[in-house]
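With my numbering applied, the sequence shown corresponds to residues 3 to 204, in that order. Notes to accompany the following structure.
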Amino acid sequence: SQRDTTEFETLQKDQESLNDMMHLEQEMQARRDHCASITVDKAKLLEQISEEEETACMARAQFDIYRRKMVSHRQAVLRKMDHTDACKEEKTTLVEKLRKFKEELKEDLENPHGIKVQEIEALTVEIGELMENIAERRESLQKELESHVQLKQDIEGQTKRFNAIIKHLHCQISKAQPQPQWECTIFLVQKATSAKCLNIVF
């Protein structure tokens, strides 16, 4: 009969609405999981950046220690050179050693393949790579944050759509004539609606 056909179509629409609600819930959960994964990755990136910055600070600190030692050594040598005539021979020997060391150091620094030059270049390259890596990680983190904001907006849009479907479903149920065979469906719809409303997480 026409009435049975109408009831069947209404039930079919209700089932389709329930299926849409379940699909939306699964999609929203997947997006929440992805957001959680992004948060974990962000924390890891921040930790790595902190470690890289700490390593750079330690390298600079070691360089400062070396520089202070060299200054202290130079001052000690100068004080020793100011001793009395009894220490002239020792001072002369020391001066010769320092002059020889200075010449060797000068030659080494003037040599593009010298040990000190290579050490300085290696340290400069290492610091440059470290700073570049930190910049890249910060850029990656910024992109992840922007993606996180976009995902949040997408979830909010899906939530509005989900709420509209629930509202439409309530209207369809309220317009339907109460029939014994509808009691189970109405109960399940109300239960599902309540559960979805309680479980929505922004």
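Note that the Cβ used here is the ideal one computed from N, Cα and C, for glycine as well.
Report task. State whether the segment 15–34 contacts the segment 162–171, with contact taken as three or more CB pairs (one from each stretch) at a distance under 8 Å. Result -> Contact between the segment 15–34 and the segment 162–171 is present, because at least three Cβ pairs lie under 8 Å.
How long is the line joining the alpha carbons of L13 and H170, rounded to whole angstroms? The residue given as residue 13 occupies position 11 in the sequence shown. The residue given as residue 170 occupies position 168 in the sequence shown. Rounded to the nearest angstrom, the two C-alpha atoms are 14 Å apart.
Is it buried or exposed, D66, if we count other Cβ atoms within 10 angstroms and call 16 or more buried?
To locate residue 66, count along the sequence shown from 1; it is residue 64. Exposed, since its Cβ has fewer than 16 Cβ neighbours within 10 Å.
Is the CB-CB distance between K102 and D110 below 7 Å?
By 1-based counting over the sequence shown, the position of residue 102 is 100. By 1-based counting over the sequence shown, the position of residue 110 is 108. No. Outside cutoff.
Q) Taking C-alpha atoms, which residue in R33, F10, I51 lies nearest to N135? A) Numbered from its first residue, the sequence shown carries residue 135 at position 133. Nearest neighbour of N135 by Cα position, chosen from R33, F10, I51, turns out to be I51.
Outcome for D156 when other beta-carbon atoms lying within 10 angstroms are tallied against a minimum of 16
Locating residue 156 in the sequence shown gives position 154, where the first residue counts as 1. Counting Cβ neighbours within 10 Å, D156 comes out exposed, since fewer than 16 surround it.
Report task. For the segment 141–161 and the segment 73–82, state whether three or more C-beta atom pairs, one from each stretch, are separated by less than 8 Å. Result -> Using a C-beta cut-off of 8 Å, the segment 141–161 makes no contact with the segment 73–82, since fewer than three inter-stretch Cβ pairs fall below that distance.
### Query
Between the C-alpha atoms of K154 and E138, what's the straight-line distance to the nearest angstrom?
Taking the first residue of the sequence shown as 1, we reach residue 154 at position 152. Taking the first residue of the sequence shown as 1, we reach residue 138 at position 136. The alpha-carbon atoms of K154 and E138 are separated by roughly 24 Å.
>> Give me, in chain order, the residues of the same chain whose beta-carbon lies closer than 7 Å to that of S142; leave out the 5 immediate sequence neighbours on both sides.
In response: Walking along the sequence shown from the start, residue 142 turns up at place 140. So the list reads L47, once near-sequence residues are dropped.
Might you give, ordered along the chain, the residues of its own chain that have their beta carbon closer than 8 Å to the beta carbon of I40, omitting 5 neighbours on each side? In the sequence shown, the residue the question calls residue 40 occupies position 38. Cβ-Cβ distances below 8 Å link I40 to E146, S149, H150, L153 in the same chain, with the five nearest sequence neighbours on each side left out; the list follows chain order.
- prompt: In angstroms, rounded to a whole number, what distance separates the CA positions of K71 and D35?
  reply: Looking up residue 71 in the sequence shown gives position 69. Looking up residue 35 in the sequence shown gives position 33. Here the alpha carbons of D35 and K71 stand approximately 54 Å from one another.
- Item | Where the alpha helix (DSSP H) through G159 begins and ends | The residue given as residue 159 occupies position 157 in the sequence shown. For G159, the enclosing alpha helix (DSSP H) has its first and last residue at 117–177.
Return helix, strand or coil for N21, following the three-state DSSP convention. In the sequence shown, counting from the first residue as 1, residue 21 sits at position 19. DSSP places N21 in helix when its eight states are reduced to three.
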